[in-house]
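With the first letter of the sequence shown counted as 1, position 88 gets the number 383 in my numbering; the numbers rise by one all the way through.
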Amino acid sequence: MAQVDVQITRGEGQTQASFQPAVVTSLDNLFWVNNDEVSGHQPTPSLTNPTAWMPEPIPVKLPDQPAPASRGMAFAAGKYEISYFCAVKGHEGETGTIKVTS
Numbered sequence: 296m297a298q299v300d301v302q303i304t305r306g307e308g309q310t311q312a313s314f315q316p317a318v319v320t321s322l323d324n325l326f327w328v329n330n331d332e333v334s335g336h337q338p339t340p341s342l343t344n345p346t347a348w349m350p351e352p353i354p355v356k357l358p359d360q361p362a363p364a365s366r367g368m369a370f371a372a373g374k375y376e377i378s379y380f381c382a383v384k385g386h387e388g389e390t391g392t393i394k395v396t397s
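Right, here's the structure in full:
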């Protein structure tokens, strides 16, 4: 089982963070890693169910500390894509995609 990280980053002067696209298989374990020193983030496949993937946001990254990460997630076998959003209020425009290849 491979570990796949989705890096959450925010460029200097940007108002929103971005999520690195992820490509996984059903044998992989996916984690979100929050490199954003401004805000926490909570990826979810549905804005109406913010806790679908995690019960609370991934904490903000503290200066000179390792970036906090989510718990690992696995996906069902098949070929499909999942779009997701950040459930933190005001972050609704932060989106990403996970591509499952097998």
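Ideal Cβ positions, reconstructed from N, Cα and C, are used throughout, including at glycine.
First and last residue of the uninterrupted beta strand (DSSP E) at residue i
{"i": "E376", "result": "375-381"}
{"i": "T390", "result": "390-395"}
{"i": "T304", "result": "298-304"}
{"i": "N324", "result": "324-329"}
Spatially closest choice to residue i from the options, by CA coordinates
{"i": "E307", "options": "K384, V395, G367, N330", "result": "N330"}
{"i": "S397", "options": "T339, A369, A382, C381", "result": "A369"}
{"i": "Q337", "options": "A317, C381, I303", "result": "C381"}
{"i": "P345", "options": "E387, A372, I393", "result": "E387"}
{"i": "E351", "options": "V318, R366, A362", "result": "R366"}
Collapsed DSSP secondary structure at residue i in the structure displayed
{"i": "A371", "result": "coil"}
{"i": "P350", "result": "coil"}
{"i": "V333", "result": "coil"}
Buried versus exposed, by CB contacts within 10 Å (16 or more), residue i
{"i": "K374", "result": "exposed"}
{"i": "D359", "result": "exposed"}
Cβ neighbours of residue i in the same chain (closer than 7 angstroms, five flanking residues each side left out)
{"i": "D300", "result": "F326, V328"}
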